[in-house]
Amino acid sequence: MVRQGLTRIIEESADLKVIGETGDGLEIIPLTRKLKPDMIILDISMPNLRGIEAIHKIKRYHKDTKILILTMHKNEEFVYECLASGAEGYVLKEDAEKDLLAAIDAVKDGKTYVSPSFTG
638 MVRQGLTRII
648 EESADLKVIG
658 ETGDGLEIIP
668 LTRKLKPDMI
678 ILDISMPNLR
688 GIEAIHKIKR
698 YHKDTKILIL
708 TMHKNEEFVY
718 ECLASGAEGY
728 VLKEDAEKDL
738 LAAIDAVKDG
748 KTYVSPSFTG
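Under my numbering, residue 757 is the last one in the sequence shown; the count climbs by one each step, no gaps.
Structure (structure tokens):
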């Protein structure tokens, strides 16, 4: 249900098309190879493969794929770890309603985006 809502928001408000989705960390790697997306919105808490490990694996083979983390984890260590692993953005789910589209635009334009909850 959450993914469906995000899909609707993204497709109605951004110049993007959702081409795939999964809730399983192990499925994201073959799905990325198959679909070759420009951007992935990824949670760091997924079953079967941590999001940070998924970032490493995705970036190993798809360096140009942008990764935007969307998570409930309000933890600065996770922000640093995700960005150091290759993610281009980090958005808290609690901020998603107001920040997700801005984050997508920033990442799409080659910028790094971190939820204002961290940056003040």
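A virtual CB, placed ideally from N, CA and C, is assigned to each residue, including glycine.
Requested in this report: Inspect the CB distances between the segment 649 to 659 and the segment 696 to 704 and report whether three or more fall short of 8 Å.
Outcome: no
**Report entry** Beta-carbon proximity list for L668, same chain, < 8 Å, skipping 5 on both sides
**Finding:** In the sequence shown, residue 668 corresponds to position 31, counting from 1. Answer for L668: G657, T659, listed in chain order.
Query - Whether L707 touches N685 by CB criterion (7 Å) - result: Translated into the one-based positions of the sequence shown, residue 707 becomes position 70. Translated into the one-based positions of the sequence shown, residue 685 becomes position 48. Their beta carbons are not under 7 Å apart, which means L707 does not touch N685 by this criterion.
Query raised in the report: For the beta strand (DSSP E) that G726 lies in, which residues bound it at each end?
Result: If you number the sequence shown from 1, residue 726 lands on position 89. Where G726 is concerned, the enclosing beta strand (DSSP E) stretches over 726 to 729.
Query raised in the report: So what does DSSP say about K711, is it helix, strand or coil?
Result: By one-based count along the sequence shown, residue 711 stands at place 74. Note: K711 maps to coil in three-state DSSP.
**Report entry** Residues bridged to M683 (per DSSP)
**Finding:** Residue mapping note: residue 683 aligns to position 46 of the sequence shown, counting from 1. In the DSSP output, where bridge partners are listed per residue, M683 has none listed.
Requested in this report: Identify, in the order they occur along the chain, each residue of the same chain with its Cβ nearer than 6 Å to the Cβ of S650, setting aside the five sequence neighbours on each side.
Outcome: Locating residue 650 in the sequence shown gives position 13, counting from the first residue. Taken in chain order, the residues that qualify are L738.
**Report entry** Beta-bridge partners of K703, as assigned by DSSP
**Finding:** In the sequence shown, residue 703 corresponds to position 66, counting from 1. According to DSSP, which records beta bridges pairwise, K703 is partnered with M676.
Query - Inter-residue Cα distance where the pair is Q641 and I647 - result: Taking the sequence shown and counting its residues from 1, one reaches residue 641 at position 4. Taking the sequence shown and counting its residues from 1, one reaches residue 647 at position 10. So the alpha carbons of these two residues sit roughly 10 Å apart.
Query - Closest Cα partner of G747 within the set D736, M676, S682 - result: Position 110 of the sequence shown, counted from the start, is the residue given in the question as residue 747. With distances taken between Cα atoms, G747 lies closest to M676.
Query raised in the report: Roughly how many whole angstroms lie between the Cα atoms of E725 and R645?
Result: One-based indexing of the sequence shown puts residue 725 at position 88. One-based indexing of the sequence shown puts residue 645 at position 8. Going from the Cα of E725 to the Cα of R645 covers about 22 Å.
Report task. Starting from the C-beta of H693, find all residues in its chain whose C-beta is less than 8 Å away, skip the five residues before and the five after it, and write them out in chain order. Result -> For the purposes of this step, residue 693 is taken as residue 56 along the sequence shown, with counting starting at 1. Closer than 8 Å at the Cβ level, and outside the excluded window around H693, lie S722, G723.
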